[in-house]
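Novice:
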Amino acid sequence: MKLATLACLLASAALAQTSMTAKKYEFEPNVIKIKKGDQVKLVITALDRDHGFKLEAFHIDKKLEKGKPVEVEFTADQAGTFPFQCSRFCGKGHRKRKGELIVE
Ligand SMILES: [Cu+2]
Numbered sequence: 000m001k002l003a004t005l006a007c008l009l010a011s012a013a014l015a016q017t018s019m020t021a022k023k024y025e026f027e028p029n030v031i032k033i034k035k036g037d038q039v040k041l042v043i044t045a046l047d048r049d050h051g052f053k054l055e056a057f058h059i060d061k062k063l064e065k066g067k068p069v070e071v072e073f074t075a076d077q078a079g080t081f082p083f084q085c086s087r088f089c090g091k092g093h094r095k096r097k098g099e100l101i102v103e
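Quick note on numbering: numbering that gives the first Met the number 0 labels position 4 of the sequence shown as 3, and the sequence is numbered without any gaps.
Spelled out as structure tokens, the structure:
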């Protein structure tokens, strides 16, 4: 698992921004840690084909077109561990393409 700790990037602010890539069959990073109350901005780029990004707890389901960065913004207004996953079928490893958003 690859872990991105955003806190260090934003000592001062409540804006948590990070970039993420999607490909067969993983998101990188696939664990994202933020603080409750943060305004989160994820910039996700699909590298090898179209994918999707679904974070159900925050009502997010975005299509990721190959090579085109997609911005996903939300406020982390609930604490917990929330799974995210690919929402476009992309091959036999599709179901394993998962990650976690940890809001502390
Ligand atoms: Cu997929």
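We put the beta carbon where it would ideally sit given N, CA and C, even for glycine.
Once the 5 residues before and after Ala12 are set aside, which same chain residues still bring their CB inside 6 Å of it?
Specialist: In this prediction, Ala12 scores a pLDDT of 48, lower than 50, which makes its location untrustworthy; no coordinate-derived value is stated.
Novice: Going by DSSP, what residue range makes up the beta strand (DSSP E) through Phe52?
Specialist: Note, Phe52: beta strand (DSSP E), His50 to Leu54.
Novice: Per DSSP, which one or two residues make a beta bridge with Lys91?
Specialist: In DSSP, Lys91 forms no bridge with anything.
Novice: Quick check: what's the CA-CA separation for Pro28 versus Arg96?
Specialist: So the two alpha carbons sit approximately 12 Å from each other.
Novice: Taking the C-alpha atoms as reference points, what is the distance between Thr44 and Phe73?
Specialist: Going from the Cα of Thr44 to the Cα of Phe73 covers about 17 Å.
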